[in-house]
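Residue numbers (the working numbering): 197 to 569.
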Amino acid sequence: MSTTSSPLTADVIQRLEIWPVDIPITDPFVVATGSRETAQNLFMRVTLGDGTQGIGEAAPFPEVGDEDRISCLAAATELARTLVGQSVADYAVLADRLTEQAPFHPAARCGLETAVLDAYCRSQAIPFWRLWGSADVRARETDITIPICSLGKTLELSRSWYAKGFRLFKMKIGTDVEQDILRLHAVHDALPDIGFIGDGNQGFSREDCIHFVSGVKQFGGRLVLLEQPVLREDLEGLQAIRHLTGIPVAADESVRSLEDARRVVRLQAADYINIKIMKTGVLEARRIAAFALSAGLRLMIGGMLETRIAMGCSFGLVLGLGGFDVLDLDTPLLFSTDPVLGGYRYDGPLLHPWHQPGLDMQVPCQTDCMIVQ
Ligand SMILES: [Mg+2]
């Protein structure tokens, strides 16, 4: 690695490393569309001409993004070749180029984009969020996800998170509506002052969802948001559910591009858009967020099964752009290990900002990585 490069090549990408990382999940992560016991992600590292580095993460989730780790690694390696020799100051142009080259590999693009942006911010000695505007730099509260599991396990997990200070429970639902109502009822009876998000991951029919909401209303549960109850194409279903239940609806799987977001707005299909960098890449996520706010929608932000690298990138958007009402940035807490050092910090349900350059994170060096230079 050269540390004596000329100013002309100081911010030019010299080298990219990509390597697989398996992160064990403490309790099986079961949602309506699939289940996981290990997050199978990719970490990426960019090195610039002056030795500055940046890191990124791809967290492919096949049921949502149609990518798995093998296809993601192949796409990222191919895309990395086009990044070598480019200046990280051109991050916006590079992001568009990645999208043109690999429109159907958002997780691969997201990891590379994050690494490029992290390296750029480090080279400018600014925290990652400063790039987006420093609009809302403060500690923020996240919800916590309870996967689809037995009644007993639901209660055990809920009590344990409650004791750590969590008050907004994102309940995975959508495979058995009666059981879903029973699970929420039990948690409601056991724990005072909690709110629920119901995330169906496309598992409900319209009728199931309306039945679910009336069941929760009957026992007095506070349902603050319904996330993607029906199939992603069924925007009319989302619209009907909003109007028939009076509960705000968030479009998640339905929005994987700016064009999708425009369609949701046109059909008045949702109150919230769930922004996820893994669905779209980072710059496109910013465009969707700005568009949604300008159209009068509200913003939620979430992730796939991500470590603090990708989640730090998302938290950076929250701090920099502002306007995010609901944070679902909890997946690092669902893992039994944290493979990353530095960066933002969790304190119960609170995420605390960092103030050092880039994402301010370090990951150990790998020997079994794909190197592009
Ligand atoms: Mg969701």
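Every residue, glycine too, gets a C-beta built ideally from N, C-alpha and C. Computed from a prediction, not measured in an experiment: that's the story for all the values here.
#1: Got a sec: does ligand 1 put a non-hydrogen atom nearer than 7 Å to the Cβ of G230?
#2: Please state the DSSP three-state secondary structure of L387.
#3: If you draw a straight line from the C-alpha of M197 to the C-alpha of L517, how long is it?
#4: Whole angstroms are fine: how far does the CA of D526 sit from the CA of L547?
#5: Tell me whether R494 sits in a helix, a strand or coil according to DSSP, three-state version.
#6: For L501, which of helix, strand or coil comes out of DSSP?
#7: Pairs of beta-carbons, one from the region 256 to 275 and one from the region 337 to 355, closer than 8 Å: are there three or more?
#8: Assign I340 to one of three DSSP states: helix, strand, or coil.
#9: DSSP three-state call for V284: helix, strand or coil?
#10: So N397 packs on Q424, CB below 8 Å; how close in whole Å?
#11: Report whether the distance from the Cβ of N237 to the nearest heavy atom of ligand 1 is below 7 Å.
#12: State the Cα-Cα distance for the pair F531 and R232, rounded to the nearest angstrom.
#13: Counting along the chain, where does the beta strand (DSSP E) carrying L547 start and finish?
#14: What does a CB cutoff of less than 6 Å around A235 pick up in its chain, not counting 5 residues either side in sequence?
#15: Straight-line CA distance for H439 to A466?
#16: From C561 to V217, what does the alpha carbon distance come to, in whole angstroms?
#17: At a cut-off of 7 Å, would you count G498 as near ligand 1, judging by its Cβ distance to the nearest heavy atom?
#18: Does the region 248 to 267 come close enough to the region 312 to 326 that 3 or more CB-CB pairs lie under 8 Å?
#19: Please list the terminal residues of the continuous beta strand (DSSP E) segment that includes S231.
#20: Taking just the CA atoms, how far does F362 sit from E213?
#21: When DSSP labels each residue in this structure, what does K360 get in the three-state scheme?
#22: Give the straight-line distance between the Cα atoms of S202 and A447, rounded to the nearest whole angstrom.
#23: Excluding sequence positions up to five away, which residues of its chain have a Cβ less than 8 Å from the Cβ of L387?
#24: Compute the minimum distance between the beta carbon of E403 and the heavy atoms of ligand 1, and state whether it is under 7 Å.
#25: Assign P444 to one of two classes, buried (16 or more other C-beta atoms within 10 Å of its C-beta) or exposed (fewer than that).
#26: Can you tell me which residues form a DSSP beta bridge with Y571?
#27: Short of 6 Å in beta carbon distance, which residues of its chain neighbour V208, apart from the five on each side in sequence? Order them along the chain.
#28: Helix, strand or coil for T222? Go by DSSP, reduced to three states.
#29: I believe V383 touches L351 by the beta-carbon criterion, under 8 Å. Please report the beta-carbon distance rounded to the nearest angstrom.
#30: Can you tell me which of the three DSSP states L555 falls into?
#31: Do the CB positions of E480 and L463 come within less than 8 Å of each other?
#32: From C265 to G416, what distance separates their C-alpha atoms?
#33: In the region 513 to 540, which residue ranges form an unbroken beta strand (DSSP E) of at least 3 residues, counting only runs that do not cross its ends?
#34: Can you grab the Cα-Cα spacing for the pair T533 / M557, in whole Å?
Looking at the atomic coordinates:
#1: no
#2: coil
#3: In this prediction, M197 scores a pLDDT of 45, lower than 50, which makes its location untrustworthy; the coordinate-derived value is nonetheless stated afterwards. If you take the alpha carbons of M197 and L517, they lie about 35 Å apart.
#4: 9 Å
#5: strand
#6: coil
#7: no
#8: strand
#9: helix
#10: 6 Å
#11: no
#12: 11 Å
#13: 546 to 548
#14: I219, L501
#15: 10 Å
#16: 12 Å
#17: yes
#18: yes
#19: 230 to 244
#20: 37 Å
#21: coil
#22: 48 Å
#23: S354, R355, Y358
#24: no
#25: buried
#26: Residue 571 lies beyond the range of the chain shown here (197 to 569); nothing can be said about it.
#27: G245, S283
#28: strand
#29: 7 Å
#30: coil
#31: no
#32: One detail in the question is off: residue 265 reads as Arg in this sequence, not Cys. So the two alpha carbons sit approximately 42 Å from each other.
#33: 520 to 523
#34: 15 Å
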